[in-house]
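A.B. asks: In the working numbering, the protein residues as written are 41 to 429.
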Ligand SMILES: Cc1cc2nc3c(=O)[nH]c(=O)nc-3n(C[C@H](O)[C@H](O)[C@H](O)COP(=O)(O)OP(=O)(O)OC[C@H]3O[C@@H](n4cnc5c(N)ncnc54)[C@H](O)[C@@H]3O)c2cc1C
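1. Counting Cβ pairs closer than 8 angstroms, one from the segment 366-374 and one from the segment 62-70, do we hit at least three?
2. Hey, residue 230 and residue 250 are a contact pair by Cβ (cut 8 angstroms); roughly how many whole angstroms apart?
3. What does residue 309 pair with, by DSSP beta-bridge criteria?
4. Under a three-way DSSP split, which group does residue 224 fall into?
5. For the alpha helix (DSSP H) holding residue 116, just list the boundary residues, first then last.
6. Scan the segment 344-425 and note each continuous alpha helix (DSSP H) run of 4 residues or more that stays entirely inside, going in chain order.
7. Whole angstroms are fine: how far does the CA of residue 150 sit from the CA of residue 242?
8. Is DSSP giving residue 179 helix, strand or coil here?
9. Just grab the DSSP bridge partners of residue 262 for me.
10. With DSSP as the reference, please indicate the residues paired to residue 323 in a beta bridge.
11. Alpha helix (DSSP H) containing residue 249: first to last residue?
12. Touch check for the segment 90-103 and the segment 196-204: three-plus C-beta pairs under 8 angstroms?
13. If I follow the unbroken alpha helix (DSSP H) through residue 333, where does it start and stop?
14. Contact between the segment 138-157 and the segment 170-189 is defined here as three or more beta-carbon pairs at a separation below 8 angstroms; is this criterion met?
15. Leaving out five residues before and five after residue 136 in sequence, what residues of the same chain have Cβ atoms less than 7 angstroms from its Cβ?
16. So, are the CB atoms of residue 134 and residue 46 less than 9 angstroms apart?
17. Span of the alpha helix (DSSP H) holding residue 51?
18. Can you name, in chain order, every residue of its own chain whose Cβ lies under 6 angstroms from the Cβ of residue 380, other than the five neighbours on each side?
19. Measure the alpha-carbon distance for residue 389 versus residue 302 and round it to whole angstroms.
20. Report yes if the C-beta of residue 72 is less than 8 angstroms from at least one heavy atom of ligand 1; otherwise report no.
21. Classify residue 162 as helix, strand or coil using the three-state DSSP reduction.
22. Please report the distance separating the alpha-carbon of residue 238 from that of residue 156.
23. Check whether the Cβ of residue 48 sits closer than 8 angstroms to any heavy atom of ligand 1, and report yes or no.
24. Taking contact to mean 3 or more Cβ pairs, one atom from each stretch, closer than 8 angstroms, check whether the segment 352-361 and the segment 317-330 are in contact.
25. Give the DSSP-derived three-state secondary structure of residue 186 in the structure shown.
26. State yes or no: is the C-beta of residue 354 within less than 9 angstroms of the C-beta of residue 259?
27. Out of 206, 405, 365, 216, which has the shortest C-alpha to C-alpha gap to residue 387?
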């Protein structure tokens, strides 16, 4: 139970007080819980409840909880707009020169140490600090003139915490299609938050000089989708190797044992305790269409399969939901239980809602702060009730 123990250790290590002051620095007290949150192992509400149990004051956890709310906000927007988040939301991205990825970004050789080091870590480990994500998106979209979509897919593919809602909407936020203006930064700012001391680079100028600046030579060569997303689909070698290594059972129609209820797991829901009050056969559904649209790198495949290995008696079904339905017909009347998610809209069966930070704050909101205002009010109320005043 490596992951179960790791989650407990990461929760225990949250330094909520220091978080607010240091989270923008790459050495800051960030939790690194992202991969577990994005893969559905841990919910934002469970983290909030855990923090409450440690006896913190509301003010002490304020900064951390507000970031958790960003996650829920992006999920609500994704629920509301569906595939609409795949296109520019508030008008076309301005200054687009191409729809590819600057080759130097994809390789982590853009010449800005604080960004390059982060990208190289991303490519090998699947982690990138939030500020380095913003810097990378800024260089890519607002300096090199790339449209945000393919670069977002590239970053998502490598992130262990890849979540298309947070990812696409953050890229759109930086590129100015889901915000009021494009995000801009310069060398001085990057040096401060990444603890580098570079001078004389193409970013070592005042902010005003960067808006509308020509594309730096190093960012001019570009690479297309086949070079930045060369990953196998979920029926191919990387998956089979990982599944075999973890000793997971692939669905076999001859030997499959199915109870009258199936609980579905997928890339976004890998919690061993999901629907635990509903006994049934547990199936990990890997739909080729999902991974064709949102490809992932091999280290993400390994991570996800190792998480799945902690779900008892799991069977792995590689195929579309419709094919699973057909396969289940030979077992008589089978209830399918799954979690609500924008990528699960074609599932049929019993839908379980997600475990939101503030479940009653529903709907779509025009901005994060209009959403946060309501979430904060609800959490403060809950906090007071629990503390008894
Ligand atoms: C261009 C870009 C792409 C991004 N892509 C993703 C993505 O694919 N998946 C993803 O989960 N997040 C994404 N983020 C948001 C954020 O960078 C990560 O959630 C965060 O860095 C994860 O690290 P952590 O677990 O240490 O977070 P912490 O800072 O410790 O925060 C705790 C949790 O709060 C949530 N959270 C924190 N900051 C944010 C934020 N700004 N937006 C949304 N949720 C947040 C995450 O679930 C995180 O695990 C992206 C941000 C940018 C700018």
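We put the CB at the ideal spot given by N, CA and C, even for glycine.
C.D. replies: Working from what's here:
1. no
2. The pair is not a contact, with the Cβ atoms about 12 angstroms apart (cut-off 8 angstroms).
3. 306
4. coil
5. 98-121
6. 361-369
7. 10 angstroms
8. helix
9. 142
10. 304, 355
11. 247-250
12. no
13. 328-333
14. yes
15. 185, 187
16. no
17. 42-52
18. 391, 393, 394
19. 10 angstroms
20. yes
21. helix
22. 12 angstroms
23. no
24. yes
25. strand
26. no
27. 365
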